[in-house]
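Asker:
Chains as they are written, first to last, in the working numbering: chain A, 1 to 202; chain B, 1 to 139.
Structure, rendered in structure tokens:
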């Protein structure tokens, strides 16, 4: 039964990977080689304080030290929770910013100023603060594209298939085995785990 | 009758501890370390130390409970460990931490269900403490 579940999860991840590589080849939402031995799928909600902590304390360092070095593949998935009023809008703006090549800047500012916009609802203003006037004009139009909402919905459905119930959740896959890591974990402990998966010749 | 209840309690608790140890020992100890780390209570060195030793402690406790040796001391040890787990889990749940329970390997979210289950185990361990000590006193 566990084998079947793992196989289904892998198939779902493979489909998601194929999708992102074809539709978003220049996407900053997925970093690192598709053929990497280790893959981390992060299910995150821009309005969740624990997601902010994981992003700022751990994932930024994982991105620099592992994904950018080609040691693993790090994939961001949107998983806006229904209890967070502005999370879906934030996810749509981040996905739209990805098309403008500004995913990292928008993603960072959304987490950095989470407390502000989650209270005021001024998520658009926060995003605009890191964009050029030309980008500001385009982002609303892109965010309104039904394909953006559809991609968020696909991420949510993927997460549900992978039994994601809370954010942040990372699925660390190695040798076909998905390992869920739920909540905020420190970079030190996560990197030790990743090093054990990658082996001495990483 | 009392003896049968005591036997049932120690076999059930022993079995749960052995199963808990098995689920942790069959996976990478670092995966369990990540579960412990997500509670955000312990420093890094303590996370590693606990991840290395807790499954072995649970295994030893389970085997000894099933064997029925040093029952008075072991029932207190079992109740103390379960009370500690229960307290940490309740605090994390109230704090709203969306994390894994880490009780039986990975992939089980900390929820009201896991709290009830741990509460029942704690009640069982406390009942075993009362029974083993009252049996000694009545002899």
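Where a beta carbon is used, it is the ideal one built from N, C-alpha and C, also for glycine.
Which first and last residues belong to the beta strand (DSSP E) in which residue 74 of chain A is found?
Answerer: Here residue 74 of chain A refers to the residue found at position 74 when the first chain is read from its first residue. Start and end: 73–78.
Asker: Among A/77, A/50, A/112 and A/40, which has the Cα closest to the Cα of residue 129 of chain A?
Answerer: What you label residue 129 of chain A is simply residue 129 of the first chain in a count that begins at 1. Of the candidates A/77, A/50, A/112 and A/40, the one whose C-alpha sits nearest the C-alpha of residue 129 of chain A is A/112.
Asker: Ends of the alpha helix (DSSP H) at residue 109 of chain A?
Answerer: Counted from its first residue, the first chain places residue 109 of chain A at position 109. 103–112 is the span of the alpha helix (DSSP H), which, as asked, contains residue 109 of chain A.
Asker: Residues of chain B with CB under 8 angstroms from residue 198 of chain A, in chain order?
Answerer: Locating residue 198 of chain A in the first chain gives position 198, where the first residue counts as 1. Result: empty, since nearest Cβ-Cβ is about 12 angstroms, beyond 8 angstroms.
Asker: Taking all protein chains shown into account, decide if residue 102 of chain B is buried (16 or more other Cβ within 10 angstroms of its Cβ) or exposed.
Answerer: Counted from its first residue, the second chain places residue 102 of chain B at position 102. By the 10 Å Cβ count, residue 102 of chain B comes out buried.
Asker: So, does the CB of residue 134 of chain B fall closer than 8 angstroms to a CB anywhere in chain A?
Answerer: In the second chain, counting from the first residue as 1, residue 134 of chain B sits at position 134. Residue 134 of chain B does not count as touching chain A.
Asker: Output the distance between the C-alpha atoms of residue 237 of chain A and residue 36 of chain A, rounded to the nearest integer angstrom.
Answerer: Only positions 1 to 202 of chain A appear in the structure, and residue 237 of chain A is not among them; the question remains open.
Asker: Measure from the C-beta of residue 159 of chain A to each C-beta in chain B and report whether the shortest distance is under 8 angstroms.
Answerer: Residue numbering aside, residue 159 of chain A sits at position 159 when the first chain is read from its first letter. Not closer than 8 angstroms to any Cβ of chain B, the Cβ of residue 159 of chain A fails to qualify, so no.
Asker: On the DSSP letters alone, give me the boundaries of the beta strand (DSSP E) that residue 43 of chain A sits inside.
Answerer: Here residue 43 of chain A corresponds to residue number 43 of the first chain, with the count starting at 1. Run containing residue 43 of chain A: 38–44, per the beta strand (DSSP E) assignment.
Asker: Given a threshold of 16 other Cβ atoms within 10 Å of its Cβ, counted over all protein chains shown, does residue 179 of chain A qualify as buried or as exposed?
Answerer: Within the first chain, residue 179 of chain A is the residue found at index 179, counting from 1. That one is buried.
Asker: Return the chain-ordered list of same chain residues with a C-beta closer than 6 angstroms to the C-beta of residue 170 of chain A, the five sequence neighbours on each side being excluded.
Answerer: By 1-based counting over the first chain, the position of residue 170 of chain A is 170. These residues qualify, in order along the chain: 40, 42 and 181.
Asker: Who are residue 174 of chain A's beta bridge partners in DSSP?
Answerer: For the purposes of this step, residue 174 of chain A is identified with residue 174 of the first chain, where counting begins at 1. Looking at the DSSP assignment, residue 174 of chain A forms a beta bridge with A/38 and A/177.
Asker: Beta-carbon of residue 193 of chain A versus every beta-carbon of chain B: anything under 8 angstroms?
Answerer: Here the question's residue 193 of chain A lines up with position 193 in the first chain. Interface residue, yes.
Asker: Please say whether residue 65 of chain A and residue 31 of chain A have beta carbons closer to each other than 8 angstroms?
Answerer: What you label residue 31 of chain A is simply residue 31 of the first chain in a count that begins at 1. What you label residue 65 of chain A is simply residue 65 of the first chain in a count that begins at 1. The answer is no: Cβ separation not under 8 angstroms.
Asker: Which whole-angstrom value describes the C-beta separation of residue 88 of chain B and residue 41 of chain B, a residue pair presumed to lie in contact below a C-beta threshold of 8 angstroms?
Answerer: As a working mapping, residue 88 of chain B is identified with position 88 in the second chain. As a working mapping, residue 41 of chain B is identified with position 41 in the second chain. With 8 angstroms as the limit, residue 88 of chain B and residue 41 of chain B qualify as a contact, their Cβ atoms being about 7 angstroms apart.
Asker: Go ahead and pull the three-state DSSP assignment for residue 167 of chain A.
Answerer: Counting from one through the first chain, the residue named residue 167 of chain A turns up at place 167. Looking at residue 167 of chain A - three-state DSSP - the assignment turns out to be coil, as it is neither helix nor strand.
Asker: Please go through the same chain and pick out, in chain order, the residues whose beta-carbon is closer than 7 angstroms to the beta-carbon of residue 125 of chain B, but skip the five residues on each side of it.
Answerer: As a working note, residue 125 of chain B is residue 125 in the second chain. Correct list, in chain order: 13, 75, 78, 79 and 82.
Asker: Using a Cβ-Cβ cut-off of 8 angstroms, state whether residue 179 of chain A counts as contacting chain B.
Answerer: In the first chain, residue 179 of chain A corresponds to position 179, counting from 1. It does; some Cβ of chain B falls within 8 angstroms.
Asker: Since residue 219 of chain B meets chain A, which of its residues come closer than 7 angstroms, beta carbon to beta carbon?
Answerer: Not covered by the structure: residue 219 of chain B. The range shown for chain B is 1 to 139.
Asker: Mind pulling the chain A residues with CB within less than 7 angstroms of residue 37 of chain B?
Answerer: Looking up residue 37 of chain B in the second chain gives position 37. Per Cβ cutoff of 7 angstroms: 185, 186 and 189.
Asker: Which residues of the segment 12–40 of chain B have a Cβ closer than 7 angstroms to any Cβ of chain A? Give them in chain order.
Answerer: Answer in chain order: 28, 30, 31, 33, 34, 37, 38 and 40.
Asker: Measure the C-alpha to C-alpha separation of residue 72 of chain B and residue 36 of chain B and round it to an integer number of angstroms.
Answerer: Sequence index remark: in the second chain, residue 72 of chain B carries index 72 (1-based). Sequence index remark: in the second chain, residue 36 of chain B carries index 36 (1-based). Roughly 29 angstroms separates the two Cα atoms.
Asker: Using beta carbons (cut-off 8 angstroms, strictly below), is residue 58 of chain A in contact with chain B?
Answerer: As a working note, residue 58 of chain A is residue 58 in the first chain. Chain B, which has no Cβ nearer than 8 angstroms to the Cβ of residue 58 of chain A, makes this no.
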